[in-house]
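The structure under discussion appears below in the form of structure tokens.
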Amino acid sequence: MGSTPAKRIRPLFGLGLLCVLLFLLATLIHTLDGLIGLYERARAVSPLLPWVLNLTLGLFLLASVMTAAWWLLPSRRGRRTEKKVNEASVIARMRSQQTSGIDVSRALSELDELESRRHAGRVFIALFGETSTGKSSVVQALIPGSKPETGATTGTTRHCQRYQWILPSGEQLIVVDAPGFSHDDEDTHLATQEAIRAHLVVYLCDSDLSRSEWTQIERLIGFGKPLVIALNKADQFGEDETDAIRQQIAERFHRSQRPTVVGISAGGTERVTRIGRDGSEQETTRPRNPRIQPLRAAIERNLLRDPDSLTSLRDAAVFQLTDTRLDDAERSHQCRQSEQIIATHTRAAVVGALAALSPGSDLVIQGAIGARLVRSLCQLHDVRVRELDIETVLKNAGSTSRKSSALVLAVAGNALKAFPGIGTVTGGLAHAVAYGLLFDAFGHALADSLRRSGALRPDDINATLEQVLDDDLAVSARRVARLALRGRSRTDPE
Numbered sequence: 203m204g205s206t207p208a209k210r211i212r213p214l215f216g217l218g219l220l221c222v223l224l225f226l227l228a229t230l231i232h233t234l235d236g237l238i239g240l241y242e243r244a245r246a247v248s249p250l251l252p253w254v255l256n257l258t259l260g261l262f263l264l265a266s267v268m269t270a271a272w273w274l275l276p277s278r279r280g281r282r283t284e285k286k287v288n289e290a291s292v293i294a295r296m297r298s299q300q301t302s303g304i305d306v307s308r309a310l311s312e313l314d315e316l317e318s319r320r321h322a323g324r325v326f327i328a329l330f331g332e333t334s335t336g337k338s339s340v341v342q343a344l345i346p347g348s349k350p351e352t353g354a355t356t357g358t359t360r361h362c363q364r365y366q367w368i369l370p371s372g373e374q375l376i377v378v379d380a381p382g383f384s385h386d387d388e389d390t391h392l393a394t395q396e397a398i399r400a401h402l403v404v405y406l407c408d409s410d411l412s413r414s415e416w417t418q419i420e421r422l423i424g425f426g427k428p429l430v431i432a433l434n435k436a437d438q439f440g441e442d443e444t445d446a447i448r449q450q451i452a453e454r455f456h457r458s459q460r461p462t463v464v465g466i467s468a469g470g471t472e473r474v475t476r477i478g479r480d481g482s483e484q485e486t487t488r489p490r491n492p493r494i495q496p497l498r499a500a501i502e503r504n505l506l507r508d509p510d511s512l513t514s515l516r517d518a519a520v521f522q523l524t525d526t527r528l529d530d531a532e533r534s535h536q537c538r539q540s541e542q543i544i545a546t547h548t549r550a551a552v553v554g555a556l557a558a559l560s561p562g563s564d565l566v567i568q569g570a571i572g573a574r575l576v577r578s579l580c581q582l583h584d585v586r587v588r589e590l591d592i593e594t595v596l597k598n599a600g601s602t603s604r605k606s607s608a609l610v611l612a613v614a615g616n617a618l619k620a621f622p623g624i625g626t627v628t629g630g631l632a633h634a635v636a637y638g639l640l641f642d643a644f645g646h647a648l649a650d651s652l653r654r655s656g657a658l659r660p661d662d663i664n665a666t667l668e669q670v671l672d673d674d675l676a677v678s679a680r681r682v683a684r685l686a687l688r689g690r691s692r693t694d695p696e
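So the mapping is simple: my numbering equals the position in the sequence shown, first residue as 1, plus 202.
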């Protein structure tokens with residue numbers, strides 16, 4: 203039985219590798235011999251000259267290593283250090299974004315709300331939890347006879363109920379009854395933001411915590427401000443059972459992050475059975491006495507512990523929220539700018555395909571437009587780019603596009619048929635639309651990858667491009683077909 207081609211090639215490959223290693227060894231010996239002779243001649247001239255040679259050789263090796271690393275390692279943004287967010291940094295970033303034409307109105311409204319609360323000089327307490335946990339009853343038990351103040355939270359379309367609470371010491375507090383957590387993402391988002399703006403957070407829940415409640419509590423602790431967990435309906439359990447639940451909650455978190463846990467009863471009604479003198483039984487309801495003192499005491503303890511710290515923690519959390527809003531504004535701006543850049547280069551690709559005068563010239567034109575598209579999007583996303591990276595990205599994109607060329611051409615032809623009065627669909631026009639479709643898909647894949655990874659990653663871009671090309675291209679094809687028809691009318695010699 204004859205040997206396989208792999209077995210015949212293996213000895214030749216081993217022999218070739220041995221020759222390469224011997225050549226490298228001979229080169230190394232020759233280089234070392236030359237260096238030794240150079241050092242001996244330098245020592246004969248001056249005792250200091252060998253040290254100069256050492257320094258020169260060291261700098262050359264360091265420069266070589268840095269150049270190789272810069273060339274071989276994938277381009278990426280500089281390593282991000284942990285960003286320190288404070289009032290000065292937020293204001294400076296907001297002004298910089300305003301100069302760049304970014305809409306910072308939401309971040310500005312957040313700072314205005316903070317300044318308003320600072321000026322009022324009152325402590326804000328956010329009270330919230332899952333829907334139907336009895337927050338309104340807790341407010342009435344905590345502040346008997348209270349009525350909500352009018353006014354909505356800045357930047358929202360829904361109202362957070364605010365109640366004024368005056369302590370025996372005369373200090374004025376504002377208790378904010380935020381919307382309950384539910385399947386409504388807008389309510390949950392609003393409640394979370396109100397927790398960030400508050401000095402102290404009270405999370406109301408039943409004794410049996412659900413998974414979503416655990417998740418919300420962990421998020422609240424991450425804000426770094428005092429948290430009081432109030433277990434409602436604690437009167438329905440024995441004292442030992444309540445203590446066990448309190449211990450379970452306390453042990454779930456690190457000592458430095460451990461929240462205060464209290465058991466309360468917001469009142470409400472309870473069913474009782476009355477026995478008459480004749481022995482008859484009658485079920486009825488009666489008001490249940492509230493037991494809110496543990497919550498009141500926990501709030502007062504947190505307020506008296508370190509008032510200045512409460513304010514600084516509140517301010518720090520609001521600055522983080524404002525910085526997040528600036529991140530969102532920057533991403534939205536980048537998305538709009540990306541769409542403009544992609545549309546511009548897609549139009550250029552269509553016109554370039556229509557204007558190609560000789561076979562193969564369209565490939566040169568599309569390559570130049572593709573390179574310019576990569577540079578523009580990388581500059582927008584603040585990603586360093588090298589010519590080698592651009593070549594790799596375009597090569598991979600070209601390979602992926604060729605696999606889908608038949609499908610893209612078919613989609614382009616169908617899109618052109620939707621425009622009456624253009625006559626027979628010519629090959630050049632269909633190819634122009636196909637080029638435009640590929641550029642549109644490539645641009646969106648590139649922008650999506652840059653936005654997610656913050657770096658130019660050819661493999662990720664290629665995978666995203668494959669997904670885009672697998673999606674329905676009909677909508678994009680109609681838009682690109684309009685560009686092609688307008689481009690043909692401009693390039694028509696008549």
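Backbone N, C-alpha and C fix where the C-beta goes; we use that ideal spot for every residue, glycine too.
On a predicted model such as this, the values are computed, not experimentally measured, just so you know.
Could you tell me the distance, in whole angstroms, from the CA atom of residue i to the CA atom of residue j?
i: residue 379; j: residue 539; result: 40 Å
i: residue 221; j: residue 574; result: 44 Å
i: residue 214; j: residue 267; result: 33 Å
i: residue 217; j: residue 236; result: 29 Å
i: residue 463; j: residue 404; result: 10 Å
i: residue 450; j: residue 294; result: 44 Å
i: residue 577; j: residue 662; result: 17 Å
i: residue 395; j: residue 381; result: 11 Å
i: residue 219; j: residue 225; result: 10 Å
i: residue 339; j: residue 370; result: 22 Å
i: residue 459; j: residue 485; result: 46 Å
i: residue 495; j: residue 430; result: 13 Å
i: residue 552; j: residue 584; result: 27 Å
i: residue 329; j: residue 314; result: 22 Å
i: residue 290; j: residue 317; result: 14 Å
i: residue 247; j: residue 569; result: 57 Å
i: residue 362; j: residue 397; result: 12 Å
i: residue 411; j: residue 446; result: 13 Å
i: residue 242; j: residue 249; result: 10 Å
i: residue 665; j: residue 634; result: 24 Å
i: residue 239; j: residue 258; result: 17 Å
i: residue 501; j: residue 393; result: 19 Å
i: residue 627; j: residue 534; result: Caution is warranted here: a pLDDT of 46 is assigned to residue 627, below 50, making its placement in the model unreliable, and the coordinate value is therefore given only provisionally. About 38 Å.
What residues are listed by DSSP as bridge partners for residue i?
i: residue 483; result: 477
i: residue 330; result: 405
i: residue 433; result: 407, 465
i: residue 368; result: 374
i: residue 493; result: 467
i: residue 363; result: 379
i: residue 325; result: 375
Can you check whether the CB of residue j is closer than 8 Å to the CB of residue i?
i: residue 571; j: residue 645; result: no
i: residue 433; j: residue 466; result: yes
i: residue 415; j: residue 407; result: yes
i: residue 670; j: residue 521; result: no
i: residue 309; j: residue 640; result: no
i: residue 513; j: residue 312; result: no
i: residue 643; j: residue 658; result: no
i: residue 587; j: residue 660; result: no
i: residue 532; j: residue 299; result: yes
i: residue 548; j: residue 426; result: no
i: residue 364; j: residue 346; result: no
i: residue 251; j: residue 244; result: yes
i: residue 401; j: residue 516; result: yes
i: residue 452; j: residue 444; result: no
i: residue 344; j: residue 582; result: no
i: residue 506; j: residue 580; result: no
i: residue 476; j: residue 487; result: no
Using alpha carbons as the reference points, say which of the options lies closest to residue i.
i: residue 656; options: 536, 639, 600, 667; result: 536
i: residue 374; options: 298, 326, 642; result: 326
i: residue 598; options: 553, 648, 552; result: 648
i: residue 492; options: 511, 468, 500, 509; result: 468
i: residue 650; options: 264, 368, 448, 541; result: 541
i: residue 342; options: 502, 377, 324; result: 377
i: residue 518; options: 503, 592, 424; result: 424
i: residue 333; options: 302, 307, 418; result: 418
i: residue 296; options: 269, 526, 461, 223; result: 526
i: residue 304; options: 530, 456, 602; result: 530
Say yes only if the C-beta of residue i is nearer than 7 Å to one or more non-hydrogen atoms of the ligand FMN, and no if none qualify.
i: residue 570; result: This structure does not include the ligand FMN; it has no bound ligands of any sort.
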